[in-house]
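Numbering-wise (my numbering), the sequence shown opens with residue 45 and increments by one. Heads up, the beta-carbon is just placed ideally off N, CA and C, and yes, glycines get one too. Computed from a predicted structure; not experimentally measured.
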Amino acid sequence: MKEINKRLIGLVAVIGFSVSSCVDDIRFGNDFLEKAPGGSVTMDTVFNNAEYARQFLTGIYALQYYGLQYSNSSNPPYTHSYWIGKFEALSDLWVTTWTGFSMYGNYYSGTHTAGYGIRADKFDYTRSNVWEAVRYAWLFLEKIEEVPGMDASEKERLKAEAKCLIASRYWDMFRHYGGIPILKGSFSGTDATYEMPRGTVEETVNFMTELLDEAAAVLPWQVGNSANEAGRWTKAGAMGLKTSILLFAASPLFNDNQPYMEGEAATNHNVWYGGYKSELWDRCLTACEDFFRELSARQQFALEQAAGTRPEDYRLAFRKAYYRLTSTEVLHSVRVLTSDSHTSGTYSWWQLQNANGRGYNPTHDYVEMFPWADGTPFDWNKAEQEGLLDEMFIERVNNPADGVVLTRDPRLYETAIVNGLPKSLDWTTGNMSGNVYEIWVGGYDSKQAQTTEHARYATGYTLQKYFLGDNSTREDVHWCYLRLAEVYLNYAEALCQKGQLTEAVRQVDIIRARVGMKGLVESNPGKNLTTDKDALLAEILRERACELGMEDSRFFDMIRYKMKSKFEQPLYMLMITRTDKEGQWFGADKDAGVPWPAFRYEKKRISSPTRVWWTNGFDPKWYLSPFPLGEINKGYGLVQNPGW
C-alpha cells in the first residue's frame, strides 16, 4: 500500500506536530504525551484536508508492534532495540548468550524489578508506542467526520482501520500485563487529579473484540497482496486477531478456578476472570468458525503450497509463508525503515544476527520437537538404539557429490541451522547449493563463530528463522504480525478444548500436509489422539512451536498454560565431534570419493548462560510483567501485578 510505504519516509511528522500541538499536561503513559504545545501544524490543519487526514492515520500505522530487533537507539521505539532482545529467549526453545540483552541481564538473572528504566522490561509499558498509537487513533476517530473532500465510505473504512490499530495495540500489551486501563476517547487528562482505573481481564478482552467486530463489519476481506497494498488492516486480519485474543483469554492463565497469584489485582479480576468459564472456549471456537466460514466463501487467503515433493520444496513453501510480504497467508504485516550497519538505508535482520553476533541459538529440546520427515516423532533414545543419530539431520551418503537428503520435518531447516545443511536455498527452484554448515567442534563455521561471531552455534545450532543467511542480506524484512497458519492452530486448540478431537486433528493435519508430513493420528498410533484430550493438546502445542518458531508464540503458550515446570526445567545443547579424524570438510575431494564424515552427537545441559529459574525455581509473578513504579505512583488507579 503506497500510503503505508510513505509512512516509512517521513509522514510521521504530521502526526507528531499535530498531536503535540493540542496536548498540554497528559500525565498518563509515555512522556511523549506530556510535551508542551508547539509546532505550526494544528489539528485544524490536519483535519481540514483529506490528504493530511490520511497521512495522520498512516503515521499511526508506523507505531505498530514490529517483532524483530532493528535499532540500538535510545529513542522510541525502545522495545524493539537489540539491547532488550526478544522475549522468545525466555522460552524453552531459544537461548541468547549475549550479556548485553535485558533478557540475559535482567531475566536470566532474575533481577528485574518494577523500578526498571529504559531498555529493561521485555515490553515497556510506557515506551512501546502503545499509548501514542491509542490516543492518536481516538483523535482520528473523533475528528474524521469533519474532514472535507472525503466520501462517507472512505471515512467508514479509515475509522475501521483506526479501531483495529487500537485493538492490536491493546492486544500487544494485554498478553504481557493482563487487564489495562481502557481509553474510549482521546482523553485530555489535564485535571490536577484524575482517575483511569485498570480494566479487568473481561473488560479488556471485550473492549478489544468489540472494536474488531465493528471494524470487520466495514473493512474489505482483503486489500490485495502486492507490496504496495500490503499493510492495511482488513476484515481477515481483524477476524483472525480476534481468534488469537480469545484463545489467550480462554487459557488457564486467566481462565481457571484460582488466580496464578493472590493480590489486589487478582481480587479486582485484573489478572483473571474470577473462576473457570467454559463458555470462553465456546466464544473462541465461534470466532474461529466465523473466520473459516468467511475464508471458505472468499478463498482469497491460503497456505503457501510446495511446487514439488522434495524436502527442499516444502522448505521453500514454509519460508515463503512467513517471510514474503506477498505471501497468500499473511493476514497482517508490519514494516519499519532504519539503517543497517552498512548505512544502506534498509533494515537488515541479517546484519544484527550475523555481523553483530547477537543472535539466538535454538535449544536441543526444541530441535527434538521436530518429527522425522514422514511425520513420525523423533525420539532420541530410539534413534540412538537403532543407530540413526548419525542421520538425525541428513541422510549419510558414500560420496558428498551425491547431494544432501534431509531427514527431518522441513520446518526444522527453516528454523534452525544444523550440521551439514547446505547454506543456500534458491528462492525460485528450492534447490540447495553451496558449502554446508560445519558446526562440529573444530568445524569451519564453529571456528569462525569463536573468532568473529561470539557465541553463535553455542548450542550446536543457530537461528535460521527470519535470518536466512546470505538469502536475506540487506533486505527490508516485514514482521508477519498474523498469518493463516496461526489461525488454523487456534482453531485446532479451541476444538480440542471443546472435545471435538477428530476435527481438531484435521485442522492440524492441514498444516502438516503443507510440509509433506503424514497426519497426527497415523504418525502417533500409540497416543489415542482422537480420544485423549491432554495428549492431543500436547501435540497441538508442539505443532505451534514447530510452525511458529520466533513468531512470538511459544513464550506466550508457556505463559497462558502456566508451564511452571517448563520454565524450571534445565535445557540441553548438542555437542558434535568428528570421529573419523580424516580432517576433510564436507564436500572436500568429491571426485576422489572421500566418505561422508562421521560424528558423535551428545546431549549436554546448557551451563552458560544459566537461568535463575533452573536453580531457584520459577516464581509465578513472572507470568505477567510489572507495571513501572512511576506509573503506579501517579495515582490514577493502576494496580500492580501480583508479586511485584
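Look at the alpha carbon of TRP640 and the alpha carbon of ALA280, and state the distance between them as a whole number of angstroms.
-> Each residue's alpha carbon lies about 49 Å from the other.
Got a sec? Which residues, its chain only, sit under 7 Å from ARG655 by beta carbon, not counting five neighbours each side?
-> Closer than 7 Å at Cβ, skipping near neighbours: TYR152.
Given a threshold of 16 other Cβ atoms within 10 Å of its Cβ, counted over all protein chains shown, does HIS124 qualify as buried or as exposed?
-> Model confidence at HIS124 stands at a pLDDT of 49, short of 50, so the residue's coordinates are unreliable; what they give is reported in the following sentence. That one is buried.
If you drop the 5 nearest sequence neighbours on each side, which residues of the same chain put their C-beta closer than 8 Å to that of MET240?
-> PHE72, PRO225, LEU227, PHE231, GLY233, TYR680, GLY681, LEU682
Taking LYS426 as part of the alpha helix (DSSP H), name the residues at either end of that continuous run.
-> 424–429
Measuring CB to CB, does LYS577 end up less than 8 Å from LEU545?
-> yes
Whole beta strand (DSSP E) elements within the stretch 519–556, 3-residue minimum | 523–527
Through-space distance from THR420 to MET413, alpha-carbon basis | The straight-line gap from Cα to Cα measures roughly 11 Å.
Chain-order list of residues whose beta-carbon lies under 8 Å from that of ASN92 (same chain, five-residue window excluded) = Taken in chain order, the residues that qualify are GLU190, VAL191, PRO192.
So, do the stretch 131–150 and the stretch 586–602 have three or more beta carbon pairs nearer to each other than 8 Å?
-> The way I'd put it, the stretch 131–150 does touch the stretch 586–602; three or more beta-carbon pairs between them come closer than 8 Å.
DSSP beta-bridge partners for ILE620?
-> TYR645
What span of residues does the alpha helix (DSSP H) with PRO454 cover, start to end?
-> 454–459
Pairing CB atoms from the stretch 199–210 with CB atoms from the stretch 162–172, are three or more of them under 8 Å?
-> no
Could you tell me how far apart the beta carbons of LYS647 and LEU673 are, in whole angstroms, since I believe they sit closer than 8 Å?
-> No, LYS647 and LEU673 are not in contact; Cβ-Cβ is about 42 Å, not under 8 Å.
Could one say the Cβ of ALA417 lies closer than 8 Å to chain D's Cβ atoms, at least one of them?
-> Given the protein chain composition of this structure (a single chain), no chain D is represented.
Under the three-state reduction of DSSP, which class applies to GLY674: helix, strand or coil?
-> helix
Short check: CB of PHE335 to CB of VAL552, under 8 Å?
-> no
Where PRO415 and LYS286 are concerned, what is the direct C-alpha to C-alpha distance, given to the nearest angstrom?
-> For PRO415 and LYS286, the distance between alpha carbons rounds to 30 Å.
Taking the alpha-carbon positions, what's the PHE251 to MET607 distance?
-> 28 Å
Buried or exposed: which applies to ALA346, given that a residue is buried once 16 or more other Cβ atoms fall within 10 Å of its Cβ?
-> exposed
What residues are listed by DSSP as bridge partners for ASN405?
-> VAL139
Limits of the alpha helix (DSSP H) - the one that MET283 falls within = 279–294
Does the beta-carbon of PRO264 have 16 or more other beta-carbons within 10 angstroms, so that it is buried, or is it exposed?
-> exposed
Quick one: what's got a C-beta closer than 6 Å to GLY478's C-beta in the same chain, skipping five residues either side?
-> PRO466, LYS467, SER468
Top-ranked residue by Cα proximity to LEU202, from TRP215, GLY161, ASN299, THR102 | THR102
Reduced DSSP secondary structure (H/G/I, E/B, other) of HIS220 | helix
May I have the straight-line CA-CA distance separating THR503 from ASP409, to the nearest angstrom?
-> 10 Å
For PHE218 and THR248, believed in contact at Cβ under 8 Å, the rounded distance | 6 Å
How about ILE438 and LEU450: do their beta carbons lie closer than 8 Å?
-> yes
Please classify GLY103: does DSSP put it in a helix, a strand, or coil?
-> In the structure shown, GLY103 sits in a helix (DSSP, three-state: H, G or I).
For HIS376, which beta-bridge partners are listed by DSSP?
-> LEU526
Take THR330 and list the residues in its own chain whose beta-carbon comes closer than 8 Å to its own, dropping the five residues that flank it on each side.
-> none
Buried or exposed: VAL374, going by 16 or more other Cβ atoms within 10 Å of its Cβ?
-> Buried, since its Cβ has 16 or more Cβ neighbours within 10 Å.
Would you mind sorting GLN302 into buried or exposed? The rule is 16 or more other CB atoms within 10 Å of its CB.
-> exposed
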